[in-house]
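Participant: Before I ask anything, let me first share the structure, which is written out below as structure tokens.
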Amino acid sequence: MNVPNRSIRPGLRRRLPAVLLAVALGSLTACGSSDSPDTEAATAPTTQAQPSEAAPAASSAPAAEGDVQTLTAVEKDFSISLDEETLSAGEYEIEVRNEGGASHDLVIEQDGEDIARTAVIAPGASETLTVTLEPGEYVFYCSIANHRGMGMELPVTVS
């Protein structure tokens, strides 16, 4: 008895292009709707950063209104510079500008603990960080990948 040569799955040939299209669109949607910090930094380049929960602000004493000092931190690939490296104690509003080609952040460390940080800042964007600095030694650094080890670390003295 001869059985005609028929495909076992005749509907598969008709459905395969539709399935492949659905998989491709799903992949593009997953890649295109990222909630990564880079995307957030690009859409909202200037935000108010808060100290992390694990790292409280250096001081709980509020500064008097109008006593906020401004400072600019410029991050490049792979360095950090400030207007001044010796600062007076008090509340600071630090504008962190990323003038490099890679994403960066700014973390302020005192005695081995992170006391404040920005979100990830996309190239060409900036973010404002408000922090109260007490007298002491601090390190401003970028925590992304090995950027700190590549030179994105700056000791700062507050008197």
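Residue numbering for the sequence shown is -32 to -1, 1 to 127, as defined by mature numbering (1 follows the signal peptide of the UniProt record, and there is no 0).
Idealized CB from N, CA, C, for every residue including glycine.
Which same chain residues, not among the five before or five after Leu55, have their C-beta less than 6 Å away from its C-beta?
Facilitator: By one-based count along the sequence shown, residue 55 stands at place 87. So the qualifying residues of the chain are Val126.
Participant: Just to confirm, is the Cβ distance from Cys110 to Glu67 under 8 Å?
Facilitator: As a position in the sequence shown, residue 110 is number 142, starting the count at 1. As a position in the sequence shown, residue 67 is number 99, starting the count at 1. Taking 8 Å as the Cβ cut-off, Cys110 and Glu67 do not qualify as a contacting pair.
Participant: Determine, using beta carbons only, whether Leu97 and Leu122 come nearer to each other than 8 Å.
Facilitator: Residue mapping note: residue 97 aligns to position 129 of the sequence shown, counting from 1. Residue mapping note: residue 122 aligns to position 154 of the sequence shown, counting from 1. Cβ atoms of Leu97 and Leu122: not closer than 8 Å.
Participant: Buried or exposed: where does Ser94 fall if 16 or more other Cβ atoms within 10 Å of its Cβ makes it buried?
Facilitator: By 1-based counting over the sequence shown, the position of residue 94 is 126. With 16 or more other Cβ atoms within 10 Å, it is buried.
Participant: Nearest-angstrom Cα distance between Gly92 and Glu102?
Facilitator: Stepping through the sequence shown from its first residue, residue 92 is reached at position 124. Stepping through the sequence shown from its first residue, residue 102 is reached at position 134. The C-alpha of Gly92 lies about 30 Å from the C-alpha of Glu102.
Participant: Do you know whose CA, among Ile112, Val107, Asn114, lies nearest Ser49's CA?
Facilitator: Counting from 1 along the sequence shown, the entry for residue 49 is found at position 81. Nearest option by C-alpha distance: Val107.
Participant: Thinking C-alpha only, which one of Leu39, Gly58, Ile112 is nearest Ala90?
Facilitator: Sequence index remark: in the sequence shown, residue 90 carries index 122 (1-based). With distances taken between Cα atoms, Ala90 lies closest to Ile112.
Participant: To the nearest angstrom, how far is the alpha carbon of Tyr60 from that of Thr38?
Facilitator: Locating residue 60 in the sequence shown gives position 92, counting from the first residue. Locating residue 38 in the sequence shown gives position 70, counting from the first residue. Distance between the alpha carbons of Tyr60 and Thr38 is about 6 Å.
Participant: Who does Glu121 pair with in a DSSP beta bridge?
Facilitator: Counting from 1 along the sequence shown, the entry for residue 121 is found at position 153. According to DSSP, which records beta bridges pairwise, Glu121 is partnered with Tyr109.
Participant: List the DSSP bridge partners of Gly58.
Facilitator: Taking the sequence shown and counting its residues from 1, one reaches residue 58 at position 90. In the DSSP output, where bridge partners are listed per residue, Gly58 has Leu101.
Participant: By Cβ distance below 8 Å, which residues in the same chain neighbour Arg116 in space, the five residues on each side in sequence not counted?
Facilitator: By one-based count along the sequence shown, residue 116 stands at place 148. Contacts found: Tyr109, Cys110.
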